[in-house]
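Report on the following structure.
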Ligand SMILES: Nc1ncnc2c1ncn2[C@@H]1O[C@H](COP(=O)(O)OP(=O)(O)O)[C@@H](O)[C@H]1O
Ligand SMILES: [Mg+2]
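Residue numbers (this note's numbering): 11 to 447.
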């Protein structure tokens with residue numbers, strides 16, 4: 011992408027309305043613009059990041075044996091009357107009437123919708139287990155939308171729904187999602203800690219929030235240091251095998267958010283306890299037959315009876331993650347994207363656009379990187395070097411490749427790693443093989 015023709019409306023000034031760093035940086039880096047309270051447009055740079063996050067989530071869900079569907083944003087109220095939630099949900103639900111005066115709503119979540127689909131299609135225990143997910147916009151009329159995309163009213167969520175014949179099956183489905191979540195967040199360069207969450211009237215212990223540690227997180231969190239040492243990506247995961255040992259390894263240690271933490275009964279000695287700030291990026295939940303029973307979603311069992319299916323739901327805040335990753339990875343100059351979610355892999359800076367030698371060398375590098383499938387943002391504008399550097403630091407592209415007249419005379423370019431500031435002079439060919447290899 012040539013920056014001279016790109017749509018990247020960056021801001022020099024810090025927007026006054028933004029209270030947290032990710033919101034400020036997303037506005038400044040030209041990723042998003044507010045439409046109304048808690049509702050945002052995603053501009054090209056922001057959309058690239060959103061799509062990359064989405065892709066990691068999708069790959070990990072597919073690897074765990076889930077199947078992608080796409081349900082509508084607008085749902086009929088009658089479906090929610092069946093489960094009893096139409097009245098229970100309260101003012102967070104955006105209620106709409108169509109031209110025939112039928113009650114509709116903008117979906118805050120999709121348990122009812124997926125249960126309706128499933129009950130019409132599956133009748134036998136032989137067709138279980140199944141897990142269906144979609145990545146779709148949700149609307150919740152939050153009392154206090156704030157922090158940009160972190161607590162929006164309209165937001166993009168991945169929500170998955172599992173269907174099993176009994177509790178034992180549902181627990182296996184839950185375990186698969188538990189492990190898939192660990193892998194998903196790790197691939198985004200995040201330390202996500204599963205923390206036991208409220209199960210409400212369902213009871214049991216099958217609800218976990220996945221909380222990432224970031225200095226500017228909304229809530230205080232406390233956990234055993236062992237949880238930060240595990241490396242789930244190094245482990246060989248077989249989703250068809252027994253995942254109970256993996257889940258046990260992650261759940262036997264203490265981890266609590268501030269509303270659950272009790273210093274009095276905390277089993278971790280104070281000098282070992284990790285105290286940090288956290289952001290909820292995912293939530294998994296087993297809810298037994300809460301929807302299948304009232305909505306008549308049942309299957310015939312092995313001994314010929316009929317039984318309501320056991321369900322779970324599993325959410326990931328995709329749009330929230332864009333902000334959360336920035337909260338976890340930035341410095342005073344701007345965003346530091348982990349490679350896996352970066353909008354571009356390389357930012358190519360031509361220090362002297364208009365200079366024939368620089369234009370030729372930078373143009374050549376640009377073409378070669380593109381040909382090798384590397385995503386490059388090429389700053390070919392006629393701007394001061396200082397402002398090009400500041401801009402590239404702000405938008406946080408992981409590698410900066412700098413072509414200038416002085417270096418070219420010696421046949422070298424500069425390669426800088428955004429995260430560490432480490433900078434090396436290399437020949438053009440060496441730089442290319444570093445970035446392509
Ligand atoms: N208002 C919001 N803005 C952005 N993301 C949200 C919002 N509400 C929830 N999410 C994301 O969706 C995931 C699943 O939501 P859920 O657990 O159902 O919501 P809540 O925790 O608000 O009850 C959350 O873990 C979070 O990452
Ligand atoms: Mg939650």
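We treat Cβ as the ideally placed atom computed from N, Cα and C, and that holds for glycine.
- Remark: the shortest separation between the CB of residue 293 and any heavy atom of ligand 2 falls under 7 angstroms.
- With a threshold of 7 angstroms, the Cβ atom of residue 335 does not count as near ligand 1, since no heavy atom of the ligand is closer than that.
- Within a 10 Å sphere around the beta-carbon of residue 131 sit fewer than 16 other beta-carbons, which makes this residue exposed.
- Counting other Cβ atoms within 10 Å of its Cβ, residue 300 reaches 16 or more and is therefore classed as buried.
- Taking the C-beta atoms as reference points, residue 174 is found nearer than 8 angstroms to residue 319.
- At least one heavy atom of ligand 1 lies closer than 7 angstroms to the C-beta of residue 167.
- Between the alpha carbons of residue 210 and residue 407 lies a distance of about 43 angstroms.
- In this structure, the CA atom of residue 248 is about 22 angstroms from the CA atom of residue 200.
- Residue 246 and residue 328 have their C-alpha atoms roughly 25 angstroms apart.
- Only residues of its own chain outside the window of five on either side were considered, and among them 232, 264, 266 and 283 have a CB closer than 8 angstroms to the CB of residue 276, listed in chain order.
- Residues 196 of the same chain have their beta carbon placed closer than 6 angstroms to that of residue 243, with the five preceding and five following residues left out of the count.
- Where residue 53 is concerned, there is no enclosing alpha helix (DSSP H), because DSSP gives it neither an H nor an E.
- At the C-beta level, residue 388 and residue 358 come within 8 angstroms of one another.
- Shown here for residue 179: same chain residues with a beta carbon closer than 6 angstroms to its own, the five before and five after excluded, namely 139 in chain order.
- Residue 335 and residue 411 have their C-alpha atoms roughly 24 angstroms apart.
- In the DSSP secondary-structure assignment, residue 298 is bridged to 321.
- With a threshold of 7 angstroms, the Cβ atom of residue 126 does not count as near ligand 2, since no heavy atom of the ligand is closer than that.
- Residue ranges of uninterrupted alpha helix (DSSP H) with 4 or more members, entirely inside the region 396 to 423 and ordered along the chain, are 415 to 419.
- Residue environment for residue 34: buried (at least 16 other C-beta atoms within 10 angstroms of its C-beta).
- Distance from the CA of residue 89 to the CA of residue 121, rounded to the nearest whole angstrom, comes to 10 angstroms.
- Straight-line measurement puts the Cα of residue 339 at about 28 angstroms from the Cα of residue 295.
- When distances are taken from the beta-carbon of residue 254 to the heavy atoms of ligand 2, even the shortest one reaches 7 angstroms or more.
- Closest by C-alpha distance to residue 355, out of 126, 101, 386 and 341, is 386.
- For residue 183, the enclosing alpha helix (DSSP H) begins and ends at 177 to 197.
- Excluding residues up to 5 positions away in sequence, 413, 418, 423 and 438 lie with their Cβ nearer than 8 angstroms to the Cβ of residue 371 in the same chain.
- For residue 252, there is no enclosing beta strand (DSSP E), as DSSP gives it neither H nor E.
- Put simply, of 148, 241 and 38 the residue whose alpha carbon is nearest the alpha carbon of residue 260 is 241.
- About 14 angstroms separates the CB atoms of residue 333 and residue 287; that is not less than 8 angstroms, and the two are not in contact.
- Here residue 194 is near residue 66, since their CB atoms are less than 8 angstroms apart.
- The three-state reading of DSSP puts residue 333 in helix, counting H, G and I together.
- Pairing residue 298 with residue 222, the inter-Cα distance amounts to about 27 angstroms.
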